[in-house]
Amino acid sequence: MRHERAQYKKKRRKLRWRGIFLILFLLVGGAGVHSYFQFKAGEAESIKDSGVQRETYEFNGKKDDTGTTNILLLGSDARGDEPSRADTIMIAHYNRDKGTYKLTSIMRDSYVTIPGKGKNKINTAFSGGPELVRQTIKENFDVDLQYYAIVDFQGFVRLIDAALPGGVEIDVEKRMSEYIDVTLEPGVQKLDGTHLLAYVRFRHDAVGDFGRVERQQKVMKEVGNQLASIQTIPKLPKLLGVVSPFINTNMDKTDMLFIGRGFLSEENRALDTIRIPVDGSFANQRVRGIGDVLAIDLDQNRTALNEFIAK
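Just remember that the numbering used here sits 156 ahead of the position in the sequence shown, which is counted from 1.
What follows is the structure, encoded as structure tokens:
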């Protein structure tokens, strides 16, 4: 009798644990299915009018020994059938063990060695696709990149308008109008996607590209803070779907969701940033056949970048 009772209890425990695992499986699976359909719904909103002809790029990303995932972010100014250029070059750094996120901006006029092409501005490496940019960064700064993401102007505007329909609050530091198709007045204000794009692209003043890079980093921080403050994480799959037709990347949807959720979490509101070249490590120079460049101290900047990633 006791043996039968013990067998019965054992069987009940086994059934109970099976039930718990089944519920967990259904919850996780249901969340995955929900995320998938949210992504597809957002994608459907954009894909019909994106007009983007997506290219397939080679990218031989290599694992980083430090445990950091490095994502090459390229802002492309492609419009319709016009040839594209790398308007922005950044590296997003994510360390899974530390749970930290960092951002590096590389000045596009930095004068570096481009593999197989000789010395030139770093943004000219984009003519060989993201793989040549990857090789250029590895050769000059000794940083391995695992992924790339190319975002065009439409994608930036669409992301801002979909994620923050009320606009992004920014303190515009001066009047801006030259070559950005809109006029921005100074002061704290909320900017929609079109006006925010104009803000981060403006460079026709005394500080030129340096001011532009500073504004780009400022906007990245503000967008992250404002998205985190309004509980965007449940909406993230749909937002990624909305912008996916405007992003060319070798990252799969799972990685994008995982890294995106971490970036928008409460603990990661403080985004560490660096600009390459760092202060005191460059000189303005004019090179025949190329134009104005930033002649950088390569050793100093390589060290600064690797120390920034490692800390």
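All C-beta atoms, glycine included, are put in the ideal place defined by N, C-alpha and C.
Classify Gln302 as helix, strand or coil using the three-state DSSP reduction.
By one-based count along the sequence shown, residue 302 stands at place 146. Coil.
For Glu211, which of helix, strand or coil comes out of DSSP?
Reading the sequence shown from its first residue, position 55 is the one you call residue 211. Coil at Glu211, not helix or strand.
Tell me the DSSP secondary structure of Met376 in three-state form.
Along the sequence shown, one-based indexing puts residue 376 at 220. Residue state, collapsed to three classes: helix.
Quick check: the segment 244-261 against the segment 326-344, are there 3 or more CB pairs under 8 Å?
The answer is no - the segment 326-344 does not touch the segment 244-261, with fewer than three Cβ pairs under 8 Å.
Member of Gln291, Tyr303, Tyr355, Pro342 whose CA lies at the smallest distance from the CA of Val313:
One-based indexing of the sequence shown puts residue 313 at position 157. Minimum Cα distance to Val313 is reached at Tyr355.
Can you give me the Cβ contacts of Asp265 inside the same chain, cut-off strictly under 6 Å, excluding the 5 residues immediately before and after it?
Within the sequence shown, residue 265 is the residue found at index 109, counting from 1. For Asp265, the CB contacts under 6 Å within the same chain, skipping 5 residues up- and downstream, are Lys277, Val449, Leu450 in chain order.
Taking Arg442 as part of the beta strand (DSSP E), name the residues at either end of that continuous run.
In the sequence shown, the residue the question calls residue 442 occupies position 286. In this chain, the beta strand (DSSP E) harbouring Arg442 covers 438-443.
Should Ile415 and Ile227 be called a contact, given that it needs their Cβ atoms to be closer than 9 Å?
Taking the sequence shown and counting its residues from 1, one reaches residue 415 at position 259. Taking the sequence shown and counting its residues from 1, one reaches residue 227 at position 71. At the C-beta level, Ile415 and Ile227 come within 9 Å of one another.
Would you check if there are 3 or more beta carbon pairs closer than 8 Å linking the segment 376-386 to the segment 289-301?
Segments in contact, no.
As assigned by DSSP and simplified to three states, the class of Phe177:
As a working note, residue 177 is residue 21 in the sequence shown. Its pLDDT being 48, under 50, Phe177 is placed unreliably by the model, and nothing is read from it.
Going by the CB atoms, is the gap between Thr222 and Gln302 shorter than 9 Å?
The residue given as residue 302 occupies position 146 in the sequence shown. The residue given as residue 222 occupies position 66 in the sequence shown. Not closer than 9 Å, so no.
Please report how far the alpha carbon of Asp327 lies from the alpha carbon of Ile446, in whole angstroms.
In the sequence shown, residue 327 corresponds to position 171, counting from 1. In the sequence shown, residue 446 corresponds to position 290, counting from 1. Rounded to the nearest whole angstrom, the C-alpha separation of Asp327 and Ile446 is 35 Å.
Three-state class that DSSP yields for Val356 in the structure shown:
Taking the sequence shown and counting its residues from 1, the one referred to as residue 356 is at position 200. Reduced to three states, the DSSP call for Val356 is helix.
Within 10 angstroms of its Cβ, does Thr410 collect 16 or more other Cβ (buried), or is it exposed?
Indexing the sequence shown from 1 puts residue 410 at position 254. Exposed.
How many whole angstroms separate the CB atoms of Met407 and Ala305, which I take to be in contact at a CB cut-off of 8 Å?
Within the sequence shown, the letter at position 251 stands for residue 407. Within the sequence shown, the letter at position 149 stands for residue 305. With 8 Å as the limit, Met407 and Ala305 qualify as a contact, their Cβ atoms being about 7 Å apart.
For Thr459, list the residues DSSP reports as bridge partners.
In the sequence shown, counting from the first residue as 1, residue 459 sits at position 303. Partner residues in a beta bridge of Thr459, as assigned by DSSP, do not exist.
Same chain, Cβ closer than 6 Å to Thr244, five either side skipped, listed in chain order
Counted from its first residue, the sequence shown places residue 244 at position 88. Same-chain partners within the cutoff: Gly231.
Same chain only: Cβ atoms within 7 Å of Asn251, ignoring 5 sequence neighbours per side
Residue mapping note: residue 251 aligns to position 95 of the sequence shown, counting from 1. For Asn251, same chain residues with a beta-carbon under 7 Å away, outside a window of 5 residues either side, are Gly223, Thr224 in chain order.
Taking a contact to mean a Cβ-Cβ separation below 9 Å, would you say Gln373 touches Arg431 in this structure?
Against the sequence shown, residue 373 aligns to sequence position 217. Against the sequence shown, residue 431 aligns to sequence position 275. The beta carbons of Gln373 and Arg431 sit closer together than 9 Å.
Looking only at DSSP bridge pairs, what is Val328 linked to?
On the sequence shown, residue 328 is found 172 positions in, with the first residue counted as 1. In the DSSP output, where bridge partners are listed per residue, Val328 has Gly343.
DSSP state of Asp365, grouped into three classes?
Sequence index remark: in the sequence shown, residue 365 carries index 209 (1-based). Correct three-state label for Asp365: helix.
Please go through the same chain and pick out, in chain order, the residues whose beta-carbon is closer than 8 Å to the beta-carbon of Gln441, but skip the five residues on each side of it.
As a working note, residue 441 is residue 285 in the sequence shown. Counting only residues of its own chain and dropping the five nearest sequence neighbours on each side, Gln441 has a CB closer than 8 Å to the CB of Tyr267, Asp448, Val449, Leu450, Ala451.
Any chance the CB of Asn226 is under 8 Å from a heavy atom of the ligand ADP?
Among the components of this structure there are no ligands whatsoever, and the ligand ADP is therefore not found.
Taking the alpha-carbon of Ile247 as reference, which of Gly285, Arg290, Lys218, Pro271 has the nearest alpha-carbon?
Position 91 of the sequence shown holds residue 247. When only C-alpha atoms are compared, the closest one is Arg290.
Asn279 classed as buried or exposed, judged by whether at least 16 other C-beta atoms fall within 10 angstroms
In the sequence shown, the residue the question calls residue 279 occupies position 123. Residue burial is scored here from C-beta neighbours: Asn279 has at least 16 other C-beta atoms within 10 angstroms and is therefore classed as buried.
Three-state secondary structure (DSSP) of Ile278
Against the sequence shown, residue 278 aligns to sequence position 122. In the structure shown, Ile278 sits in a helix (DSSP, three-state: H, G or I).
Considering only C-alpha positions, which residue in the set Lys394, Phe464, Pro433, Thr212 is nearest to Phe366?
Stepping through the sequence shown from its first residue, residue 366 is reached at position 210. It is Pro433.
Could I get the ranges of all uninterrupted beta strand (DSSP E) runs contained in the segment 394-433, with 3 residues as the minimum, in chain order?
Whole beta strand (DSSP E) segments, 3+ residues: 403-405, 428-432.
Which residues bound the beta strand (DSSP E) around Thr244?
The residue labelled residue 244 in the question sits at position 88 within the sequence shown. 242-251 is the extent of the beta strand (DSSP E) around Thr244.
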